[in-house]
Structures are given as structure tokens and as C-alpha cells.
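Here's the structure, in C-alpha cells; my notes come after.
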């Protein structure tokens, strides 16, 4: 992970919201670099502008004189030559980095690779197994066990995600790494549900904890060694990666080894401390604080467009747990019983969560938390952990809510309500972290009011288990939560429409009148326009070219 200086990147950016153009670009600001091809802004600048230059500009020599730039120019030229050629092994190259306060990266928008998405499926299946074990035993001890077994694999996913974000080449070395990590995770998943047994337990039960921790450490060490190998070819991350490696081997590794031999309560405490230390070390190593401490001219950067897409894809896969739970084991049965309606409410919840996450704050222009400051970036990355963990639990509990109308235990009801509230408050915080740059009145309501129903729906759902089950059955619970979720989504869609200062209500440009270009404007009436004018005007023109009217002159020419 990397973050940028908040003093240099607080600038407007545009974002796609429901019903808005996803390709709109922010206006050019004075003093900012443009790309070397066409002068257009790079896609990642939708999330906050900053001084930047692309590798093609470096390869063409379109940079200021710099005695340290010769190797960078030669490497950029070599990368351009070999970009389209096929090799089994490729020279490690960083895909983006900071040189001082200038971001150097490719101008093209990066998308998630197919291998990355396939890799994510392993994690989704693994956390589903961990969540199912917790749902079968809905108590505090198993919730703690679920969090502590989920946290390590989430860190592995984080390491691999950042590896691909920074060094993606899809060569044999990276493919072998993915294969090896997936094998380790499969072994981890088959043993993580038995970590509560001590290592010296009779009957070999303690082998589960040993195997789970060992496979996790092996996966982490192999990934760290590949990072370390890359530092011999890439100077922009050399100090940060090596500092991260040394710190990881010093503190978390020792703590994890200690969890193998400690009693279960002590092992749980050691695991919690180890995960906390890992996250602190990871965020600290690639932050601006480390850059300032070591006085680095070259430092790590993040491809923010790729990072956001990776989280979007992973979130979408996690939401599939809702649909899998209500389809795989057919809890609703055949026909259209009352359980079928409960399935409808579950789909409404999943649908709302998916669009609320993608919708974000609904701002037209904003600065993304990753570009805002160190603390905002750290918090943004961290919030995804409780959100994903909570939603996986909620999705797994929906099977019992659909299958039984009145027989759901209090533990499951609290898991469902607590998980929903945690996830909804989490995505509310994610959106609140976005620094809105819109002028007041561009959208109908300010951000605080637009997002208010996320908090309301979370609090209402959190206290639903306090109601007696004979008065609040599973059908009623899912109906309330599903309706709240869908209403929250609809509220944000409407309140994010154009306000009195929106483009549809602005007076036309005088230059357009001089050119006699018709421009239609609308009068603000206290509420936004819900539908595009002319929406229902049918197109009655003829599709077949042969039936077009032919002028007499044209007909005479044809004859």
C-alpha cells in the first residue's frame, strides 16, 4: 500500500454515480502535468489530481534534465519494446512510483486480470467455510475464532493484491506464486476450523492449529521473498520492502510461532497481537512517514484505479455468499411458500449492499481517501476487513432465516443483525472518508443527509433481536431489513440527482447562442428532474433503407 502527500494532491476529481457519466474528466488545473499523448488526463486522476508523468514521456525524453534519469529512460524504452512480446520470464518492473512529489506511471487505466479474479475465488470459498463454522456455533468464542482465522488470510490477500498492483507481469514466476499460495490456502482452510485444539492434544487434534499456522507462515514468507527478489531490480521500493521484510521477520513471525505452543486463550491473544502488528508494519512501511524518515526521493505509489477495481471485484464475490446460501441447499423448498418470499428479501439486501458500495458518497467531484492523507488511506483499507467479514457472516446466516420462520436461535439473530449493522456502518464510513469537492447546490442534498439512512438502517437492524421472536419472525425480520436496505438505496439515488446548481439548471453559454446552437435548460422547482425530457418519445423512423423516400430527380437518375 502507498499513500500520497495530502498537501499536494487535494484537488477535485470526478466519479461515476448512479445515473451519471462514468467517463467525465475534471478540468485541467494550472501547474499539473499532462500525458505525453493527446494532453488528456489519466484515468486515475478521477480520484484526485497530482503532478504526474507517464513512462512513454520518460522513454521519449520529454522530461527535465536529470543525471539520475538515464537508467529510467533506458528501462522505459526497453519496457515499451518488450511490452507486446511473449516471454516466460520478464524483468521485474514497478508499474508506478513517486519521484519526489511527481507520480510516474502508465497512462492507461488498469483492470483486474483474470488470474487475479480466479485467485479471489479461493479467498471467498475459504472465508465462507470459516463463516459457516461460526454460524453453526453462534457464540462469542466462535465469533472471535472466526475473526482471528479470517484476519491472516486477509493479510495474504492484501500482500498479493499489492504485488499485482505494483509488479504485475503475469509471467511464470508470478503464476507459480499464485498456484503455490492457493495450495497453501486450501490446506489452511481444511485446518483453520480446528485451531482451538492444543498442539499436544491426544488423538492428533492439535495438528489442525500447527498445519494452519505453518501454511500461513510459509505462504507469507514465500510472498515476502519474492518482494525481496524484486528489490534488486527496482529502486523505488527497495528501502520500504526491505524494511517491511525485516520488521515482519522480527515481530509477527515470532508471535505466530508462539501461537503454536501456547494454550488456546494465550494463542488467541498472540494471534490478535500478531495480526495488529502485521497491519501496522505494512501500512507504516509504505506510508509517507517512512519516506520522510529515510529521506527517499523514490518511493512507492499505488495504481488507484486498479486498487479500487480490485476491491469492487472482491466485494462483488463476497456478496455472492447471499445468493449461494439461498440457492445451493434450496432452503425455500419447491413452489411458492412463504420461504420463497424470504428469499426475495435476501436478494433485496444483497442488491442494495452491492449498489451502495459502488455508489459511494454519490459526489460528482471528490478526493479519494487514498489520495487524501496517510490516516484516511489507512482507515479506508482497514475498513474493508470488518465489512467483508461481517457480510460473509450475514450471507451465511440467511440460509437459516429462509429455512425456518420461528426456529432461528437468538445467537443467529444477533449474528445477522450485528453483521448487517457492522457492514452498513462500514460502507457509510467509507463514503464519509471521501472528501467532497462539489459546490453546495450541485447535488440536491449535502452528503451528510444523503448518507444518513445508512446509519438509521444499521441502528434499527442492530436492535431487532431485542424484540420477542414470536412477534418478530424471520419473515418480518428479513422484510424490515430488506425494505430498509432498498429504501436507503433509493433515497441516495434520488438525493444524488442534480440540485439547483446542477448542469441541467444552469443558464446556457452565451457563445452557444451566437452559434445558434439550441440549448434546453430547466427551471429549478425545489426538486430534481427524475426523468430525462423526451424519455418516452418513440422513434418512428423506418429501419429499412429500401423504403426511404426518393426524390423525383434521384428516381430519374436510377432509371
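Numbering (UniProt numbering), first residue to last: 1 to 559. For glycine and all other residues, C-beta sits at the position ideal for the given N, C-alpha and C. Here the structure is a predicted model, which is why all the values come from computation and not from measurement.
In the DSSP assignment, residue 154 falls outside any beta strand (DSSP E) and lies within the alpha helix (DSSP H) extending over 140-167. Between residue 405 and residue 475, the CB-CB gap stays under 8 angstroms.
From the listed residues 241, 498, 235 and 216, the smallest Cα separation to residue 225 is found for 241. Residue 445 places its beta carbon less than 8 angstroms from that of residue 495.
When C-alpha distances from residue 122 are compared across 190, 73, 234 and 480, the shortest belongs to 190.
For residue 96, the uninterrupted beta strand (DSSP E) segment begins and ends at 96-99.
In this structure, the alpha-carbon of residue 383 lies about 30 angstroms from that of residue 297. Counted as a single uninterrupted DSSP element, the beta strand (DSSP E) harbouring residue 102 occupies residues 102-105. Partner residues in the beta bridge of residue 436, as assigned by DSSP, are 366. A distance below 8 angstroms between beta-carbons, with the five flanking residues on each side excluded, links residue 89 to the following residues of its chain, in chain order: 171, 172 and 173. Per the DSSP secondary-structure output, residue 498 pairs in a beta bridge with 443. Residue 417 is classed as buried because its beta carbon has at least 16 other beta carbons within 10 Å across all chains shown. Counting along the chain, residue 313 sits inside the alpha helix (DSSP H) bounded by residues 304-327. Buried is the label assigned to residue 99, since at least 16 other Cβ atoms lie within 10 Å of its Cβ.
Straight-line spacing of the CA atoms in residue 93 and residue 106 works out to 12 angstroms. Annotated three-state conformation of residue 87 is coil, per DSSP. When the beta-carbon positions are compared, residue 223 and residue 356 stay at least 8 angstroms from each other. Annotated three-state conformation of residue 471 is coil, per DSSP. DSSP places residue 399 in the helix class (H, G or I) of the three-state scheme.
In this structure residue 164 is not in contact with residue 127, their Cβ atoms being roughly 20 angstroms apart against a cut-off of 8 angstroms.
Shown here, residue 54 sits in a strand according to DSSP, grouped into three states. Residue 457: member of the alpha helix (DSSP H) spanning 452-462, first to last residue. As computed with DSSP, residue 298 is found in a beta bridge with 99. Here the stretch 148-162 does not lie against the stretch 337-349, with fewer than 3 beta-carbon pairs under 8 angstroms apart. Between residue 318 and residue 398, the gap from beta carbon to beta carbon reaches 8 angstroms or more. About 44 angstroms separates the Cβ atoms of residue 51 and residue 130, ruling out a contact at the 8 angstroms cut-off. Spanning the alpha carbons of residue 71 and residue 362 requires a straight line of approximately 43 angstroms. Excluding sequence positions up to five before and after residue 421, its CB lies within less than 6 angstroms of the CB of 458, 461 and 462, all in the same chain and listed in chain order. Distances from the CA of residue 53 to each of 96, 268 and 396 were compared; the closest alpha carbon is that of 96. Approximately 20 angstroms separates the beta-carbon atoms of residue 239 and residue 277; this is outside 8 angstroms, ruling out the contact. Shown here, residue 477 sits in a helix according to DSSP, grouped into three states.
A direct Cα-to-Cα measurement between residue 91 and residue 61 gives close to 22 angstroms. Cβ neighbours of residue 426 within its own chain (closer than 6 angstroms, five residues either side excluded): 383, 386 and 387. The three-state secondary structure of residue 292, taken from DSSP, is helix. Between the stretch 177-188 and the stretch 214-221, the count of Cβ pairs shorter than 8 angstroms is three or higher; the stretches touch.
By the CB criterion at 8 angstroms, residue 321 and residue 112 fall outside the cutoff.
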